[in-house]
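Residue numbers (our numbering): 610 to 751.
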């Protein structure tokens with residue numbers, strides 16, 4: 610049976626792995642929206658689905674995915690960014706993926722649901738000891 614200290618370290622390592630993967634995927638999607646589709650293309654796509662203020666929504670979604678993804682990787686403002694990612698993914702499911710069923714290969718919602726759930730999990734757990742938030746908390750305890 611691992612010691613409490615070992616268990617904590619393993620939990621923190623698990624959070625780092627989750628943060629890097631989820632943040633990396635979010636960054637990739639943000640880059641796709643800005644570099645492949647462009648801001649105007651992303652806004653047009655959102656507008657075609659009836660999203661109000663699509664130009665504003667495009668900036669917000671891209672920022673959540675790019676900046677928020679980087680913040681997840683770093684473990685910075687984890688609780689806020691995790692919730693924002695979950696909200697972003699709820700929107701993606703409701704506006705894009707729900708009609709196509711579960712499987713991403715059919716345009717379905719499975720990836721968005723997984724990313725949203727991971728965002729919420731990170732919001733509930735925080736970044737762990739090996740993130741910026743954890744380092745700040747440790748410094749305050751000294």
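Just so you know, even glycine gets a beta-carbon here, dropped at the ideal spot from N, CA and C.
Terminal residues of the alpha helix (DSSP H) in which residue i lies
{"i": "residue 698", "result": "687-701"}
{"i": "residue 653", "result": "647-657"}
{"i": "residue 752", "result": "Look at the range of the chain in this structure, 610 to 751, and you will see that residue 752 is not part of it."}
Residue i versus residue j: straight-line alpha-carbon distance, rounded
{"i": "residue 633", "j": "residue 751", "result": "32 Å"}
{"i": "residue 642", "j": "residue 666", "result": "12 Å"}
{"i": "residue 754", "j": "residue 636", "result": "The chain is shown from 610 up to 751; residue 754 falls before or after that span and cannot be answered."}
{"i": "residue 662", "j": "residue 682", "result": "29 Å"}
{"i": "residue 736", "j": "residue 614", "result": "17 Å"}
Residue i burial status per 10 Å Cβ neighbour count (16 or more: buried)
{"i": "residue 693", "result": "buried"}
{"i": "residue 628", "result": "buried"}
{"i": "residue 680", "result": "buried"}
Assumed close pair residue i, residue j - CB separation to whole angstroms, cut-off 8 Å
{"i": "residue 685", "j": "residue 741", "result": "4 Å"}
{"i": "residue 664", "j": "residue 638", "result": "The Cβ separation is near 19 Å, so there is no contact."}
{"i": "residue 695", "j": "residue 729", "result": "5 Å"}
{"i": "residue 706", "j": "residue 716", "result": "6 Å"}
Proximity test, Cβ basis, 8 Å: residue i and chain C
{"i": "residue 710", "result": "Note that chain C does not occur in the displayed structure, where there is just one protein chain."}
Any non-hydrogen atom of the ligand HEM within 7 Å of residue i CB
{"i": "residue 661", "result": "Annotation note on the ligand HEM: not contained in the displayed structure, which lists no ligands."}
Touch test, the stretch 693-708 against the stretch 720-730, Cβ-Cβ under 8 Å, three pairs minimum: yes
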